[in-house]
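Peer 1: Sharing a structure, written as structure tokens. Questions coming.
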Amino acid sequence: GAGVSQSPRYKVAKRGQDVALRCDPISGHVSLFWYQQALGQGPEFLTYFQNEAQLDKSGLPSDRFFAERPEGSVSTLKIQRTQQEDSAVYLCASSADRKEQFFGPGTRLTVL
Amino acid sequence: AQSVTQLGSHVSVSEGALVLLRCNYSSSVPPYLFWYVQYPNQGLQLLLKYTTGATLVKGINGFEAEFKKSETSFHLTKPSAHMSDAAEYFCAVSDTIAGTYKYIFGTGTRLKVLA
Chain X
202 GAGVSQSPRY KVAKRGQDVA LRCDPISGHV SLFWYQQALG QGPEFLTYFQ NEAQLDKSGL
262 PSDRFFAERP EGSVSTLKIQ RTQQEDSAVY LCASSADRKE QFFGPGTRLT VL
Chain Z
4 AQSVTQLGSH VSVSEGALVL LRCNYSSSVP PYLFWYVQYP NQGLQLLLKY TTGATLVKGI
64 NGFEAEFKKS ETSFHLTKPS AHMSDAAEYF CAVSDTIAGT YKYIFGTGTR LKVLA
């Protein structure tokens with residue numbers, strides 16, 4: 202079946218612009234995670250949803266970052282007033298049982 | 004808090020040689036452990052996982068890992084490297100303490116396979 206999809210795959214933004222990154226999880230997966238992967242680093246946790254409830258947002262680096270999953274399926278990660286340090290790959294993962302996460306291809310954000 | 008340490012940010016092996024990628028973890032509770040592989044411009048693909056049961060875990064593409072509680076290690080091995088194994092490898096522990104099961108990743112090991 203279809204895996205996790207993310208769009209866009211690449212995004213270039215000028216500093217100060219707002220961006221929205223989309224994640225389509227595997228159908229039926231209750232859990233959804235967002236991670237940020239800086240160049241040459243391992244992914245770092247941003248936020249976690251169980252269905253539509255955002256149960257953990259401890260990894261969001263600032264109040265410019267906002268995530269939602271209003272119907273418990275598709276999720277959007279929004280970054281307001283982007284800064285150069287926001288440049289990274291943003292990975293989305295979904296899980297049925299929280300024991301194994303399935304990752305999407307990521308969105309590479311470049312802030313100029 | 005749980006954490007993961009991957010020793011060696013870059014590892015080079017000859018084609019056909021043994022691959023050994025090291026991962027040590029820190030956890031106050033029985034951990035869930037994972038190895039993922041990442042090819043350029045792609046997402047993470049699960050190689051293998053340990054949750055409970057047998058401590059020697061076999062994964063895809065001939066990889067295996069052994070959970071050693073006494074050494075707090077979960078090293079990844081493959082008997083014979085292939086050129087297609089060249090990629091970035093990440094070890095991760097699942098945060099079972101807080102209950103979200105979010106992953107905590109190591110910094111990664113880039114594997115280079117020499118012809």
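So the sequence lines, in the order shown, correspond to chains X and Z. Start counting the first sequence at 202; every next residue gets the next number (my numbering). Start counting the second sequence at 4; every next residue gets the next number (my numbering). Ideal Cβ placement from N, Cα and C applies to all residues, glycine included. Because the structure is a prediction, the values reported are computed rather than measured.
1) At 9 Å on the CB atoms, spell out the chain Z contacts of residue 216(X), in chain order.
2) How big is the Cα-Cα spacing for residue 28(Z) and residue 4(Z)?
3) Can you find a C-beta in chain X that's less than 8 Å from the C-beta of residue 70(Z)?
4) What distance in whole Å lies between the Cβ atoms of residue 39(Z) and residue 53(Z), which are believed to be in contact at a cut-off of 8 Å?
5) Could you tell me which uninterrupted beta strand (DSSP E) segments, each at least 3 residues in length, are contained entirely in the stretch 27–108 of chain Z, listed from first to last along the chain?
6) Looking at chain X, is there any beta carbon in it that lies within less than 8 Å of the beta carbon of residue 19(Z)?
7) Between residue 66(Z) and chain X, is the shortest Cβ-Cβ distance under 8 Å, so that the two count as touching?
8) List the residues of chain X whose Cβ lies closer than 7 Å to the Cβ of residue 49(Z), in chain order.
9) In the DSSP assignment, the beta strand (DSSP E) including residue 225(X) goes from what residue to what residue?
10) Which bits of chain X does residue 103(Z) rub up against, with CB to CB less than 7 Å?
11) Give me the chain Z residues within the contact set of residue 304(X), using Cβ-Cβ distance strictly less than 7 Å, ordered along the chain.
12) Applying the criterion that 16 or more other CB atoms from any shown protein chain within 10 Å of the CB defines a buried residue, is residue 249(X) buried or exposed?
13) Leaving out the 5 sequence neighbours to the left and right, which residues in its chain are closer than 8 Å to residue 21(Z) when beta-carbon positions are compared?
14) I need the straight-line Cα distance from residue 266(X) to residue 240(X), nearest angstrom please.
15) Please confirm if residue 52(Z) has its CB atom under 8 Å from at least one CB of chain X.
16) By how many angstroms is the C-alpha of residue 254(X) removed from the C-alpha of residue 231(X)?
Peer 2: According to the structure shown:
1) Near residue 216(X) there are no residues of chain Z at all, since even the closest Cβ is about 24 Å away, more than 9 Å.
2) 11 Å
3) no
4) Not confirmed; about 13 Å, so no contact.
5) 35–41, 47–53, 59–61, 67–71, 76–81, 90–97 and 106–108
6) no
7) So, not an interface residue.
8) Chain X residues near residue 49(Z): 301.
9) Residue 225(X): member of the beta strand (DSSP E) spanning 220–225, first to last residue.
10) 249, 256 and 257
11) 46 and 47
12) buried
13) The residues 80, 81, 82, 83 and 84, in chain order, have a CB closer than 8 Å to that of residue 21(Z) in the same chain once the five nearest residues on each side in sequence are set aside.
14) Taking the straight line joining both Cα atoms gives about 19 Å.
15) yes
16) 10 Å
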